[in-house]
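Mapping of the sequence shown onto the working numbering: residues 2 to 398, in sequence order. Cβ coordinates follow ideal geometry from the N, Cα and C atoms, glycine included. Please read the structure below before turning to the comments.
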Amino acid sequence: MYGSGHECFINTFLLQARGRRVLGISTGIEHVGSLRHDLALYLMICWMICYFCIFKGVKWTGKVVYLTASFPYLMLFCLLIRGLSLEGASLGLEFYLKPDFSKLFESKVWVDAVTQVFFSYGLGLGALVALGSYNKFHNNVYKQALTVCCVNSGTSVFAGFVIFSFIGFMANQQGKTVDEVAQSGPGLLFLAYPSGILQLPYTNIWSILFFCMVLFLGVDSQFCTMEGFFTAIIDEFPHLIRGRRYGREIFVLSICVISYICGLSTVTEGGFYVFQLFDFYAASGWALLWLLFFECIAISWSVGIDRWYDHLYSMIGYYPSKWWKFCWVFTTPAVCWFLSLSSMLCIPIYAIYAWIVTEGTVSEVYVDLISTTDGKNHLNTHTKPVADGICDGDVFE
């Protein structure tokens, strides 16, 4: 059994390997640095895999999904069996199953929950709409939507047991509470799981299988999202491929090449900070929240909920429950407005407060409020260099 010193050494080694050798991460986004050629090669391989998964169309993609979707379930089941047998797993499961109702009053918790739902279900990314367009007209989309929601939620709960069983083990080994060990983001993937895999027999084989699972999950999400993009473009501009030999293959290849070139900015020495910017601002819960809010408004109010229900009736042969109509028209927009404004209202409110309490003329107060106090940008102020964050891992959270 590993002691806490050995576990700390493992975590520090993983952080150093990921921060320096793998990412070659710089001290800030202003120091872009050089291109990491090994990461650029791996990025190219991922896009090549994505291309060969979707270049033949949705029927070919459907066959690929059988492997990319079923293999992670097998791995999660094996990891769950091993995780439950580790000492301290009960601590993690207790932390996982015991609710903290005080967190319900924090807006960040609600935003994180919404973000998880959006990413987990693929909402607002176009993939569900695009892939659903290939169904037959009278396909029971209502029943399938409920099935997808149940299976997806069950998978998330199941994965939570796997994660927190290993986190409980790590907390027991390090003599810390689960709350201190638990972390979100990339640190969970590259610290919690690898540390648990070290406890399995035949570590090398399990490591290969685990990261193959990670690759399958990533590529699965990637090519499903790209398939949604391709479907939208091809439906709008069918002349791009119609009547042309290998028209779809060439079009998909060109988009994958362009996407790869754009992605090279994330595999530089400062690419981790670029990734964080995109992750937080371009594809975060707030962006998707506003997108889906206006999508719901467009369907419920612009198109009209009664007309929408008539369309559903013509497809599935019956009207869904009126409870859904109430949710789409009133509940969902109200919740979206509340979550959106809960974080943004504090900005003008604090601006008014700062204007009132600041002394000076109008021009002096204005200049003072829009000026920085230390001459440093936000990332420089709030981002720690890798060398300072190696031991606590804050730079990777």
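For residue j and residue i, the rounded distance between their alpha carbons
i	j	result
A90	R249	50 Å
F281	L199	31 Å
H312	A283	33 Å
R37	G271	10 Å
E296	F327	16 Å
N173	P100	21 Å
H32	L278	15 Å
S35	Y261	17 Å
L210	L346	47 Å
L241	Y247	11 Å
W111	E181	21 Å
S92	R83	Going by the sequence as given, residue 92 is Leu instead of Ser. When rounded, the distance between both Cα atoms is 15 Å.
Sequence-distant residues of its chain with Cβ nearer than 6 Å to residue i (five each side left out)
i	result
S301	W329 and V330
D221	T69
V1	A query on residue 1 cannot be resolved here, the shown segment of the chain reaching from 2 to 398 and no further.
L289	F119 and G125
A183	I168
8 Å contact criterion, which residue i and residue j should meet: CB distance rounded
i	j	result
L218	S166	Wrong, their Cβ atoms sit about 19 Å apart, outside the cutoff.
V215	L77	Contact flag wrong, Cβ pair sits at about 12 Å.
V179	F238	Incorrect: roughly 52 Å between the Cβ atoms, too far for contact.
V366	T359	5 Å
Residue i vs residue j beta-carbon contact at 7 Å
i	j	result
F276	T269	no
G29	A128	no
F273	I26	yes
W48	C257	yes
S108	S343	yes
L292	G125	yes
F106	V253	no
L87	F170	yes
Y310	Y320	yes
Nearest to residue i (by Cα), restricted to the options the options
i	options	result
C337	F119, F53 and F238	F119
F294	T333, L44, V304 and D307	T333
D39	L265, W287 and W309	L265
C79	L124, W207 and A114	W207
Q223	F53, F106, S35 and S364	F53
I298	A335, Y319 and A288	A335
Y74	F56, R245, T156 and Y351	T156
H139	R243, Y354, L44 and S315	S315
T226	F212, L42, C51 and Y319	C51
K144	G84, C213, D307 and S322	S322
Same chain, Cβ closer than 7 Å to residue i, neighbours up to 5 away in sequence not counted
i	result
A131	E228, G229, T232 and A233
N141	I317
Beta-carbon contacts of residue i that lie in its chain and below 8 Å, excluding the five residues immediately before and after
i	result
G376	Residue confidence is low: G376 scores 46 on pLDDT, short of 50, so the model does not pin down where it sits. Its coordinate-derived value is still stated next. So the list is empty, once near-sequence residues are dropped.
A1	The shown model of the chain, from 2 to 398, leaves out residue 1, and the question about it has no answer.
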